[in-house]
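Heads up, the sequence shown is in the working numbering, so the first residue is 294 and it goes up one at a time. Where a beta carbon is used, it is the ideal one built from N, C-alpha and C, also for glycine. Owing to the predicted nature of the structure, the values given are computational and were not obtained by experimental measurement.
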Amino acid sequence: MSFKIAFSASDINVAQNARAALVALYGEVPESQADVIVALGGDGFMLHTLHRTQTLAVPVYGMNRGTVGFLMNEYNADDLVDRLAAAEEEVINPLSMRATCVDGSVHEALAINEVSLLRSGPQAAKLRITVDDRLRLPELVCDGALLATPAGSTAYNYSAHGPILPIGSDVLALTAMSAFRPRRWRGALLPKSVKVRFDVLEQPKRPVMAEADSQSVRDVLSVEIQSEPGIEHRILFDPGHGLEERLIREQFV
Numbered sequence: 294m295s296f297k298i299a300f301s302a303s304d305i306n307v308a309q310n311a312r313a314a315l316v317a318l319y320g321e322v323p324e325s326q327a328d329v330i331v332a333l334g335g336d337g338f339m340l341h342t343l344h345r346t347q348t349l350a351v352p353v354y355g356m357n358r359g360t361v362g363f364l365m366n367e368y369n370a371d372d373l374v375d376r377l378a379a380a381e382e383e384v385i386n387p388l389s390m391r392a393t394c395v396d397g398s399v400h401e402a403l404a405i406n407e408v409s410l411l412r413s414g415p416q417a418a419k420l421r422i423t424v425d426d427r428l429r430l431p432e433l434v435c436d437g438a439l440l441a442t443p444a445g446s447t448a449y450n451y452s453a454h455g456p457i458l459p460i461g462s463d464v465l466a467l468t469a470m471s472a473f474r475p476r477r478w479r480g481a482l483l484p485k486s487v488k489v490r491f492d493v494l495e496q497p498k499r500p501v502m503a504e505a506d507s508q509s510v511r512d513v514l515s516v517e518i519q520s521e522p523g524i525e526h527r528i529l530f531d532p533g534h535g536l537e538e539r540l541i542r543e544q545f546v
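And the structure:
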């Protein structure tokens with residue numbers, strides 16, 4: 294079986310050198326003509342590649358030339374075509390963020406891992422949380438809060454003591470960071486179909502920024518987040534090393 298492959302690499306030398314070696318071995322085509330895109334770098338570069346190529350409907354196979362590489366396969370220049378033929382596909386949906394700022398501007402972005410709100414001043418943030426137009430938490434005093442997908446649940450969400458979600462689950466994790474009031478509030482599991490709204494209270498005194506996969510928006514007044522089932526990201530993994538296995542394994546280390 295043959296594949297028309299497009300290679301993409303992060304700017305670091307080890308990734309660029311890997312790309313040159315793979316192109317010499319397998320050749321390459323433009324991404325618009327490819328059967329598969331091979332991304333070389335770390336998880337951040339993988340997220341960048343998925344966002345950049347989402348309109349192409351082409352699966353992405355990552356090989357780790359970065360640090361953690363949770364979304365990546367092990368790097369090996371040999372037998373790439375056989376690995377691509379045997380790879381298992383995971384399909385994930387991103388979150389959409391719509392952030393309204395103090396100056397009236399509106400910013401929209403997509404997030405594969407999570408959308409987070411973070412305090413951007415010396416005082417804790419004060420947030421109001423509404424789910425499907427129903428007020429659920431009148432006031433959360435915290436360093437921040439986030440809404441994570443199953444694919445992103447082992448990233449920032451897990452570091453903030455949020456739950457790891459099975460990859461096939463139709464739920465999202467709403468997690469607080471260093472909650473001060475309510476002190477014992479640990480977050481919530483929400484159906485994937487909901488719309489979550491954060492309103493920033495006492496904004497001039499307690500400024501907040503929003504991030505969607507590292508796309509930052511400062512001085513937000515409100516942020517609305519929901520899943521986008523109409524957008525699909527296709528990721529390829531070596532057999533036995535897909536997202537489901539990785540999510541399970543992460544809970545036993």
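For HIS341, the enclosing alpha helix (DSSP H) starts and ends at 336-345.
Beyond the five residues adjoining it in sequence on each side, GLU504 comes within less than 6 angstroms, by CB distance, of SER409 in the same chain, given in chain order.
Bounds of the beta strand (DSSP E) holding GLU382 are 381-385. When the five nearest sequence neighbours on each side are left out, the beta carbons in the same chain lying within less than 7 angstroms of the beta carbon of PRO532 are those of ALA379 and GLU381, in order along the chain. Taking the Cβ atoms as the reference, LEU439 lies roughly 5 angstroms from GLU407, within the contact range of under 8 angstroms. LEU536 and SER325 have their C-alpha atoms spaced approximately 26 angstroms apart. LEU318: not part of any beta strand (DSSP E); member of the alpha helix (DSSP H) spanning 306-319, first to last residue. Non-local C-beta neighbours of ALA370 in its own chain, meaning closer than 8 angstroms and more than five positions away in sequence, comprise ALA311, ALA314, LEU315 and LEU318, ordered along the chain. Beta-bridge pairing by DSSP links PHE473 to no other residue. Rounded to whole angstroms, the gap between the alpha carbons of GLY335 and HIS341 is 10 angstroms. Residue nearest to VAL307 within the set MET356, PRO352 and LYS297 is MET356 (criterion: CA-CA distance).
In the DSSP assignment, SER509 falls outside any alpha helix (DSSP H) and lies within the beta strand (DSSP E) extending over 508-510. Sorting THR348, SER509 and VAL513 by C-alpha distance to the C-alpha of PRO500 places VAL513 at the top. In this structure, VAL331 and ILE298 form a Cβ contact; the two beta carbons are roughly 6 angstroms apart against a cut-off of 8 angstroms.
Distance between ALA444 and ILE405, taken at the CA atoms: about 7 angstroms. In the structure shown, ALA378 falls within a helical segment according to DSSP collapsed to helix, strand and coil. Residue SER389 holds the alpha-carbon nearest to the alpha-carbon of GLY523 among SER389, ALA327 and ASN366. Here GLN519 is buried, its C-beta having at least 16 other C-beta atoms within 10 Å. DSSP links LYS419 through a beta bridge to VAL434. DSSP links LYS488 through a beta bridge to GLN519. Taken in chain order, the whole beta strand (DSSP E) runs of length 3 or more contained in the stretch 342-371 are 353-357. The beta carbon of ARG542 sits closer than 8 angstroms to none of the beta carbons in its chain outside the five residues before and after it. Judged by DSSP secondary structure, SER452 falls within the alpha helix (DSSP H) whose first and last residues are 449-452. Contact between the stretch 483-493 and the stretch 361-377 is absent, with fewer than three C-beta pairs closer than 8 angstroms.
Buried is the label assigned to GLY480, since at least 16 other Cβ atoms lie within 10 Å of its Cβ. Residue burial annotation: THR468 is buried, with at least 16 other C-beta atoms found within 10 angstroms of its C-beta.
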